[in-house]
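4 protein chains.
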Amino acid sequence: MVRQHAGPRDRSEIVTTSTGTNGRHTVAGPGSAGPVGYSLPLSPTGESAMLTPPPWHFSGEVVMVDYRVDPDAARRFLPPGLEPGADPGAAAAVFATWQWCSQDGAELTDPGRCQFGEFLILLSCEFEGRPMARCPYAWVDQAVPMMRGWVQGMPKQFGVIHQSRPVTVGKAGSRLAPGGRFDGALSVHGRRVVEASVTVDRSTDQPPALHDVPLAHTLVFPEWVPSGGGPRPRLVASEVSDVEFSPIWTGSGDLTFFDGLGDDFGALAPLEVGSGHVFSYGETLHGGRLLSDYSVSERHQP
Amino acid sequence: MVRQHAGPRDRSEIVTTSTGTNGRHTVAGPGSAGPVGYSLPLSPTGESAMLTPPPWHFSGEVVMVDYRVDPDAARRFLPPGLEPGADPGAAAAVFATWQWCSQDGAELTDPGRCQFGEFLILLSCEFEGRPMARCPYAWVDQAVPMMRGWVQGMPKQFGVIHQSRPVTVGKAGSRLAPGGRFDGALSVHGRRVVEASVTVDRSTDQPPALHDVPLAHTLVFPEWVPSGGGPRPRLVASEVSDVEFSPIWTGSGDLTFFDGLGDDFGALAPLEVGSGHVFSYGETLHGGRLLSDYSVSERHQP
Amino acid sequence: MVRQHAGPRDRSEIVTTSTGTNGRHTVAGPGSAGPVGYSLPLSPTGESAMLTPPPWHFSGEVVMVDYRVDPDAARRFLPPGLEPGADPGAAAAVFATWQWCSQDGAELTDPGRCQFGEFLILLSCEFEGRPMARCPYAWVDQAVPMMRGWVQGMPKQFGVIHQSRPVTVGKAGSRLAPGGRFDGALSVHGRRVVEASVTVDRSTDQPPALHDVPLAHTLVFPEWVPSGGGPRPRLVASEVSDVEFSPIWTGSGDLTFFDGLGDDFGALAPLEVGSGHVFSYGETLHGGRLLSDYSVSERHQP
Amino acid sequence: MVRQHAGPRDRSEIVTTSTGTNGRHTVAGPGSAGPVGYSLPLSPTGESAMLTPPPWHFSGEVVMVDYRVDPDAARRFLPPGLEPGADPGAAAAVFATWQWCSQDGAELTDPGRCQFGEFLILLSCEFEGRPMARCPYAWVDQAVPMMRGWVQGMPKQFGVIHQSRPVTVGKAGSRLAPGGRFDGALSVHGRRVVEASVTVDRSTDQPPALHDVPLAHTLVFPEWVPSGGGPRPRLVASEVSDVEFSPIWTGSGDLTFFDGLGDDFGALAPLEVGSGHVFSYGETLHGGRLLSDYSVSERHQP
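Which chain is which? The protein sequence lines are A, B, C and D, in order.
Once you know that position 170 of the first sequence is 170 in the UniProt record's numbering, the rest is easy, because the numbers rise by one and skip nothing.
Once you know that position 61 of the second sequence is 61 in the UniProt record's numbering, the rest is easy, because the numbers rise by one and skip nothing.
Once you know that position 157 of the third sequence is 157 in the UniProt record's numbering, the rest is easy, because the numbers rise by one and skip nothing.
Once you know that position 284 of the fourth sequence is 284 in the UniProt record's numbering, the rest is easy, because the numbers rise by one and skip nothing.
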């Protein structure tokens with residue numbers, strides 16, 4: 001069904017989830033709990049918050065390359081609680097062009113706010129035997145998705161991301177048809193660091209393995225006021241619904257990492273490049289579920 | 001047919017069209033004609049030229065609103081040789097997301113180079129009785145299309161352009177279906193100056209009138225070394241081939257101009273807003289054809 | 001003394017402050033505590049962290065306008081624990097062009113990383129009788145300072161910021177001399193929202209009042225995994241050292257807020273504009289000190 | 001004297017230099033000569049022109065490295081009329097942070113419009129025995145200076161440019177004092193292509209040789225409507241006045257070219273790096289003077 005763009009956002013929803021008010025009214029005066037908001041900046045009504053509360057809807061165009069990484073290098077990126085699983089060294093490089101909106105869809109009428117590009121790496125892993133993916137690195141080109149990534153434990157940084165757009169008319173691009181080629185490129189701090197290319201040859205209904213499992217993130221944020229034990233990282237899984245895939249165009253992939261992001265990133269460079277995939281993808285992100293609290297469990301080890 | 005991405009560009013083609021060499025070989029030495037190129041920067045082989053020679057292919061996604069402007073204001077933007085024609089005051093505001101490439105398609109593998117956004121205004125007019133469109137203002141968000149606009153006489157400036165992308169999965173955007181809403185926004189020098197919105201209700205094969213006529217531009221460039229009579233503007237029409245339209249989704253339009261670009265621009269603000277259209281469009285641009293040399297004709301008037 | 005740019009950063013310092021390792025070695029293997037870092041992204045050595053740990057050094061050029069805001073509007077932005085103080089309604093709008101670096105100065109050799117622009121608003125307030133300033137809104141034009149703001153409880157968002165540079169030669173700008181004019185402009189989401197201008201007439205050693213008191217921020221971050229009582233905001237003061245002011249050029253100020261950021265922001269628009277100041281400023285930021293935990297104290301109220 | 005910011009620009013000046021009107025009034029009506037302007041876009045009053053007519057004032061901060069290039073490579077970038085001169089292979093890499101304004105200074109109150117960054121290469125050469133410099137490549141980060149470069153025959157393209165700012169307070173940067181280090185970096189299309197660094201040790205009044213000679217540019221623009229003989233490149237020198245240097249801080253330089261801009265650019269990579277210089281520079285640019293018309297002279301060769 002076509003997305004309906006509702007009227008002005010119902011702010012009561014935001015106030016309900018705001019910090020420090022516990023649902024009380026926000027009119028200033030004696031006894032006021034002060035400014036509120038789902039996130040900074042706090043303000044009298046909460047309307048100034050940079051982030052809106054979930055759920056957030058996403059509709060994206062994906063160019064993705066499966067590849068293999070040194071299994072030992074991948075393991076060094078897995079926090080306690082995550083294991084390499086059945087296919088150690090399986091990885092993927094994912095370019096995506098997104099639109100997003102909050103529950104009420106308000107952002108959709110301002111295309112400068114609801115669009116962003118993303119590049120991320122996924123590593124195959126398991127949590128208690130369940131296949132998952134770990135995202136060691138991600139970059140986006142807008143501030144709101146970057147900050148929202150950190151709320152989820154997703155390590156989004158700022159990069160410049162470009163990705164081919166399939167065309168349906170004219171000669172300036174490939175169609176989604178056998179032989180069509182689609183490229184992605186990531187630059188960070190003015191240096192090209194990743195290039196990917198997919199040449200598709202067939203369409204399938206089978207989603208790429210690493211795009212069809214939950215993501216396990218580490219929820220942690222630097223401590224400004226030092227506490228006794230340091231920050232307390234927690235392993236969480238993102239809870240999504242309404243996952244939707246278009247037909248998946250699949251073919252050969254190409255993937256190059258360039259120098260410039262350091263040895264840790266470089267250790268995840270491709271040893272072997274597999275298939276490439278081009279598809280559209282939608283989901284709704286609702287929040288996080290705790291998988292484990294690994295610093296606590298570490299401390300309790302005998 | 002799917003676009004084939006050929007190998008490295010055949011530079012001999014560029015050298016052939018380069019300046020000042022008349023096809024001679026470009027090896028330096030006594031009698032060398034110096035650096036060459038289709039445009040600045042000139043270099044020994046011509047490979048450094050910022051612009052490639054036409055033809056250029058374009059594939060774009062268009063969000064367009066028909067509107068009416070004060071016919072007297074429109075007339076003041078028409079150079080000698082162009083007349084208001086049968087429908088004075090007919091105008092359009094056009095947002096487009098483009099991919100482009102040169103004849104050999106080389107730019108398509110670098111999505112950061114082959115993509116740009118554009119906003120332009122079109123005014124209905126006639127040249128010797130033939131319906132045409134005049135583009136008094138245009139903005140793009142990349143340097144190469146801006147400079148290439150001036151080569152054609154198209155007054156492209158630099159702006160920040162955003163435009164909704166239709167989606168096929170998920171809830172973060174409208175589908176190309178009845179009720180779908182698509183927005184465009186232009187900011188110039190940090191100020192929002194135009195917003196447009198189209199809500200589509202039906203599909204048609206009839207291209208919007210002002211997107212289906214040739215553009216008449218004024219070829220003129222500031223004189224750095226003063227000549228006797230000042231620069232000599234020439235009226236030209238762009239020569240295009242391989243025009244291709246997708247089905248056109250049509251419905252109601254909305255269009256707002258904001259202050260900030262001066263009175264001349266403001267005089268073209270909408271008096272009445274008509275239909276809106278969303279479609280894909282392809283063309284190949286080959287060069288320009290002289291319509292008239294109006295400063296010369298002016299001077300020859302008795 | 002001139003800043004010395006030392007060799008490669010001593011990573012042991014970062015590891016010491018990293019999360020989840022408690023100083024243990026980070027070589028992967030059985031029993032490894034997993035990837036580490038001062039912030040996301042975590043990685044085997046910690047070198048991938050987007051943020052470096054404090055202290056951070058800052059050297060900036062400031063264009064600042066004192067103004068008066070509706071005291072009731074200002075009070076609605078003060079969290080529990082902060083009072084309007086002796087001069088309710090005193091406010092300032094501050095543009096700054098910064099360079100920053102970590103303790104080892106590594107960022108200074110990459111000018112694309114160590115520079116950013118900032119605009120912020122300051123409101124006069126008191127904590128337990130001590131004069132402080134509250135920053136209800138701030139914008140920066142780089143990702144690292146934005147994220148680092150949230151680590152401190154400073155509500156930095158992303159904006160486009162421009163500010164005049166004093167000149168010492170040529171005619172394209174003002175000198176720091178009587179009659180010199182210096183402007184600042186903030187755009188957010190493609191809309192101009194603040195413009196300021198200062199025309200200086202004299203030099204003084206007296207720092208502007210609101211630039212010479214500690215900032216009191218609210219440390220709070222959205223909860224991804226819901227806890228019982230919601231996020232627990234804490235009032236903190238930034239701890240700085242090595243504060244250094246250049247001579248302060250002072251004169252008349254001008255300040256305009258434009259629509260577009262909502263009613264909460266609009267409530268802080270200037271009722272009256274005071275002096276303007278242009279100066280250079282340096283400081284070192286070490287961390288945060290807890291002022292109070294207001295959600296807890298709220299809950300404990302009878 | 002401090003720059004005075006006058007009131008609204010006197011448009012009559014622009015109309016005087018506008019195209020195609022020869023000073024006639026621009027009121028529309030029968031016999032009107034149509035829209036006018038110093039450059040595109042033409043409009044009824046000329047106020048919409050992207051470029052203002054010269055003179056243009058410039059005040060800049062320069063970080064410059066002298067270096068030596070293969071003399072044969074340099075010669076291949078010299079057009080007919082220019083000779084390598086007394087010091088073939090002398091070259092310089094110049095980073096600059098500029099403010100600029102038109103004669104009336106109007107742009108200075110909008111710091112987003114009057115500022116830009118630039119990187120350019122200079123090659124030593126001579127015209128009829130007079131020492132000059134040839135600029136084979138230049139990049140800027142704003143559209144107006146890019147287009148204005150082409151008006152002058154200066155091959156400005158679009159790049160991302162960063163350059164250290166000397167500081168006077170705080171620890172986040174070097175002071176202009178012995179041991180101070182200042183860096184510049186150029187990225188083009190998301191790839192780092194040049195890095196420079198200067199460590200100063202002394203101050204002098206002697207301007208760097210290649211920053212103290214006229215620039216010889218080739219005035220040429222692609223032909224949209226083919227003429228018989230192709231475009232007619234002309235060798236011009238820029239005419240400047242009010243040249244002003246600050247004291248020049250001089251020391252050792254460092255300069256690195258990276259791959260990514262092709263072999264022609266690569267041929268100008270440093271064989272040897274000389275001194276580095278940091279200084280402020282002002283000038284006023286008035287127009288161009290014809291040195292020779294080399295395609296014509298070529299044609300007349302026997």
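Positions of the beta carbon are idealized from the N, C-alpha and C atoms, including for glycine.
Check, Outcome
"Through-space distance from Asp293/D to Val36/D, alpha-carbon basis", "29 Å"
"Nearest residue (CA-CA) to Ser48/C, options Gly260/A, Gly282/A, Glu272/A and Arg289/A", "Gly260/A"
"Cys135/A: first and last residue of the uninterrupted alpha helix (DSSP H) it sits in", "Run containing Cys135/A: none; DSSP gives neither H nor E here."
"Residue-chain proximity (Val160/D, chain A), Cβ-Cβ < 7 Å", "yes"
"contact_flag[the stretch 131-142 of chain D, the stretch 197-207 of chain C] where n(CB pairs < 8 Å) is 3 or more", "no"
"Three-way DSSP call (helix, strand, coil) for His277/D in this model", "strand"
"Delimiting residues of the alpha helix (DSSP H) encompassing Met146/D", "Ala143 to Gln152"
"DSSP beta-bridge partners of Gly288/A", "Ser238/A"
"Test: Thr109/C CB closer than 7 Å to a CB of chain D", "yes"
"N-terminal and C-terminal residue of the alpha helix (DSSP H) that Arg75/A is part of", "Pro71 to Arg75"
"Any chain A beta carbon closer than 7 Å to Ser124/C", "no"
"Exposure label - Ala237/A; buried when at least 16 CB within 10 Å", "buried"
"Alpha helix (DSSP H) segment containing Gly253/C, residue limits", "Where Gly253/C is concerned, there is no enclosing alpha helix (DSSP H), although the beta strand (DSSP E) it sits in stretches over Ile248 to Phe257."
"Ser59/C at chain B interface by Cβ criterion, 7 Å", "no"
"Proximity winner among Pro80/A, Arg289/A, Leu210/A and Ser39/A, relative to Val144/A (alpha-carbon distances)", "Ser39/A"
"Short-range partners of chain A found in the stretch 187-200 of chain D, where Cβ spacing is below 7 Å", "Ser187, Gly190, Arg191 and Arg192"
"Cβ pair count under 8 Å reaching 3, the stretch 180-194 of chain A against the stretch 149-159 of chain A", "yes"
"Cross-chain neighbours of Ala185/B in chain C, by beta carbon under 8 Å", "Gly190"
"DSSP-derived helix/strand/coil call for Leu176/A", "coil"
"Range of the contiguous beta strand (DSSP E) that encloses residue 378/A", "Any property of residue 378/A remains undetermined from this structure, which presents chain A solely from 1 to 302."
"Cutoff 7 Å: Glu47/D Cβ touching any chain B Cβ", "yes"
"Enclosing alpha helix (DSSP H) for Asp205/C [first to last residue]", "Counting along the chain, Asp205/C falls outside any alpha helix (DSSP H), and DSSP gives it neither H nor E."
"Amino acids of chain A, ordered along the chain, whose beta-carbon sits closer than 7 Å to that of Ser56/C", "The sequence given here has Trp at residue 56/C, not Ser. In chain order: nothing, as chain A lies at least about 12 Å away."
"Short CB-CB distance (under 7 Å) between Gly253/A and chain B", "no"
"Segment limits, alpha helix (DSSP H) that includes Gly117/D", "First-last for Gly117/D: Gln115 to Phe127, but that is the beta strand (DSSP E), not the alpha helix (DSSP H)."
"Residue from Ser275/A, Asp70/A and Pro88/A whose Cα sits closest to the Cα of Thr204/A", "Ser275/A"
"Spatial distance of Leu123/D from Ala74/D (CA atoms)", "7 Å"
"Spatially closest choice to Leu285/C from Gln152/C, Arg134/C and Met64/C, by CA coordinates", "Gln152/C"
"Ala93/D versus Glu61/D - alpha carbon distance", "14 Å"
"Chain-ordered residues of the stretch 216-232 of chain D with a beta carbon less than 9 Å from chain B", "His217, Thr218, Leu219, Val220, Phe221, Pro222, Glu223, Trp224, Val225, Pro226, Gly229, Gly230, Pro231 and Arg232"
"Below-7 Å beta-carbon distance, Gly117/D vs any chain C residue", "no"
"Inter-residue spacing [alpha-carbon to alpha-carbon] between Gly251/D and Val278/C", "31 Å"
"Best match in Asp264/A, Ser246/A, Gly112/A and Gln163/A for proximity to Tyr281/A [C-alpha to C-alpha]", "Ser246/A"
"Other residues of its chain near Val243/D: CB distance less than 6 Å, five sequence neighbours each side excluded", "Glu283"
"Close beta carbons around Gln115/A, own chain, < 6 Å, minus the five adjacent residues each side", "Gln99"
"Among His57/C, Asp66/C, Gly117/C and Leu42/C, nearest to His211/C - alpha-carbon criterion", "Asp66/C"
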